[in-house]
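Working notes, beginning with the structure itself.
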Amino acid sequence: MRLPWRRNAREAELNEELRAHLQFAIEQRIQRGESPDVARANALREFGNVTHVAEVTRDMWGGASWDALVRDLRYAARGLRRSPTFTAVAVATFALGIGANTAMFTVVNGALFKLLPFAQPDRLVSLSRSPAASGPNSRSGLSDHTFVELRATPSRAFSSMATAAGKPMTLTGNGDAEQLSTVQVSWNLMSTLGVPPAIGREFAAARSARGDCWSRADARTA
Amino acid sequence: MAGGQSRIELLQGTLDFIILQTLRWGPQHGFELAQMIRANSNNTLEVETGSLYPALHRLERAKFIDAKWDRSDKGQRVRVYRLTATGRKRLAAERTKWERMTQAIAGILNPPVAEGES
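Top to bottom, those sequences are chains F and Z. The opening position of the first sequence corresponds to residue 1 in the numbering used here, with each subsequent residue numbered one higher. The opening position of the second sequence corresponds to residue 1001 in the numbering used here, with each subsequent residue numbered one higher.
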């Protein structure tokens, strides 16, 4: 796209170029004996429409001309104003399309593209079991027992291994019984993910068997 | 157009070739160029300004010619066009093409008498 002010300078040059041509034509006719007025009239007639010549020449400069763009936009705006129903439908279609796309991208971006907010997310893997009987695509969690066994197996593949399993639990003895959505995790989950605790200290391996219970207030602030 | 039937309007493409060929004689501004084309073609070829200037600016954009402002003998500011190295190469290629074309057309106009005829 040519910038409009640079284009103006170039148009002035073009006009000068065409005027010079006309001037030469007039002078030539005067030299041949035509009177200045007649010479001018004839030269102009021979030259043709100066504005038109300038226009077709400008078209050769290439790129989308600024004037043409403005003209097209005006024309489009007029057309849209003339048919409001079409405009409304078109705008609604765009709005829905853009909205749906944005929503979709937000989900996909969060779920697939953005790295997990943990230290060295590229080195995190999720382990699961696929029982031979139900095929490789069926995945099931590891039992606590398997986990303990896996951890005990000497392996250089992982520097740390932790488990987490969603498990709704019931809280009683504090007024009405209440169901809490909780996650049962191994003591080293946070350190495996490289997340320091927001409050308190990390779980100690020795306490794992007993399990720690946070108050709901703790859980909320955590 | 003055001159009536005796003058031929130029075909697209041919004009580019003619402009490049005419600029071989040296840098010229638009009016001179038109005059020279007319003179060299025995007043047969008339280049209209509406074709000449678009062609010049198109050739300039394609870098076959370049332009700079100069003063004519009488002090008129003029835009003078000059053949570039790329333009020379282009001209040579066009010339070859043109010669083949004219030979072909000459052949069509005057077909060699086939053996067995006449």
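Ideal Cβ positions, reconstructed from N, Cα and C, are used throughout, including at glycine.
For this session: Note the first and the last residue of the continuous alpha helix (DSSP H) segment covering residue 36 of chain F.
Result: Run containing residue 36 of chain F: 36–47, per the alpha helix (DSSP H) assignment.
For this session: Using alpha carbons as the reference points, say which of F/144, F/95, F/88 lies closest to residue 161 of chain F.
Result: Closest by alpha carbon: F/144.
Exercise. Hey, would you say residue 1064 of chain Z sits closer than 8 Å to residue 1084 of chain Z, going by beta carbons?
Worked result: The Cβ atoms of residue 1064 of chain Z and residue 1084 of chain Z lie closer than 8 Å to each other.
Problem set entry | residue 1070 of chain Z versus residue 1098 of chain Z: straight-line alpha-carbon distance, rounded | The C-alpha of residue 1070 of chain Z lies about 33 Å from the C-alpha of residue 1098 of chain Z.
Problem set entry | Short CB-CB distance (under 8 Å) between residue 1090 of chain Z and chain F | Closer than 8 Å to the CB of residue 1090 of chain Z there is not a single CB belonging to chain F.
Exercise. Near residue 1067 of chain Z, what residues of its chain come up, given a Cβ to Cβ distance below 8 Å and the 5 sequence neighbours on each side ignored?
Worked result: Here the set comprises 1056, 1060, 1079, 1080, 1081, 1082.
Exercise. Taking contact to mean at least 3 C-beta pairs separated by less than 8 Å, is the segment 60–79 of chain F in contact with the segment 42–51 of chain F?
Worked result: Touching, no, given that fewer than three Cβ pairs across the two stretches are closer than 8 Å.
For this session: State the start and end residues of the unbroken alpha helix (DSSP H) segment that holds residue 104 of chain F.
Result: Segment 84–108, the alpha helix (DSSP H) holding residue 104 of chain F.
Exercise. Considering only residues of the same chain and omitting the five flanking positions on each side of residue 1089 of chain Z, which have a CB-CB separation below 8 Å?
Worked result: Taking C-beta separations shorter than 8 Å and ignoring five residues to either side along the sequence, residue 1089 of chain Z has no partners in its chain.
Problem set entry | Residues of the segment 1042–1072 of chain Z whose Cβ lies closer than 7 Å to any Cβ of chain F, in chain order | 1048, 1049, 1050, 1053, 1054, 1057, 1058, 1061: these are the residues of the segment 1042–1072 of chain Z whose beta carbon lies less than 7 Å from some beta carbon of chain F, given in chain order.
For this session: For my contact list, residue 164 of chain F and residue 185 of chain F are in at a C-beta cut-off of 8 Å; report their separation, rounded to the angstrom.
Result: Right, their Cβ atoms sit about 4 Å apart.
For this session: Would you list, in chain order, the members of the segment 62–78 of chain F that have their beta-carbon closer than 8 Å to a beta-carbon of chain Z?
Result: Listed by position, the residues of the segment 62–78 of chain F near chain Z (Cβ gap below 8 Å) are 62.
Exercise. Out of curiosity, what's the CA-to-CA distance linking residue 1017 of chain Z and residue 1037 of chain Z?
Worked result: Distance from the CA atom of residue 1017 of chain Z to the CA atom of residue 1037 of chain Z, rounded to whole angstroms, is 11 Å.
For this session: For residue 1002 of chain Z, decide whether its Cβ has a neighbour in chain F, counting only Cβ atoms nearer than 8 Å.
Result: Residue placement at residue 1002 of chain Z is poorly supported in this model, since its pLDDT is 42, which falls under 50; the coordinates are not used for a value here.
Problem set entry | Residues sharing a beta bridge with residue 166 of chain F, DSSP | Residue pairing by DSSP puts residue 166 of chain F in a beta bridge opposite F/183.
Problem set entry | Inter-residue spacing [alpha-carbon to alpha-carbon] between residue 174 of chain F and residue 88 of chain F | When rounded, the distance between both Cα atoms is 58 Å.
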